[in-house]
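One structure below.
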Amino acid sequence: MTSEETQGDAHRTTTQERGPFCTATCLCGWRGPARRARSKARSDAAEHLRDAETEARTGS
Ligand SMILES: [Zn+2]
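Residues 258 to 317 (the numbering used here) are what the sequence shown spells out, left to right.
Following this line, the structure appears as structure tokens:
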């Protein structure tokens, strides 16, 4: 596996290309905005993982 930032089993992000746009999605159902640059979509994904990590720490 070439996962960049795995914070658990529930969150695993991938990027999907749709025409000229690239969108980050996660196994949890999260979906980022459509980006023209894949690097942007990847940073969206990284941000989501960061948020998910924070949520896991503060939640329950
Ligand atoms: Zn997620």
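Each residue gets a CB set at the ideal place from its N, CA and C atoms; glycine is no exception. Quantities reported herein were computed from a predicted structural model and do not represent experimental measurements.
Tell me where the alpha helix (DSSP H) around residue i begins and ends.
| i | result |
| --- | --- |
| A313 | R295 to T315 |
Can you tell me which of the three DSSP states residue i falls into?
| i | result |
| --- | --- |
| A267 | coil |
| C283 | strand |
Determine whether the Cβ of residue i lies closer than 8 angstroms to any Cβ atom of chain D.
| i | result |
| --- | --- |
| R269 | This model lacks chain D altogether; it includes just one protein chain. |
Kindly examine ligand 1 and report whether one of its heavy atoms sits closer than 7 angstroms to the Cβ of residue i.
| i | result |
| --- | --- |
| A309 | yes |
| C279 | no |
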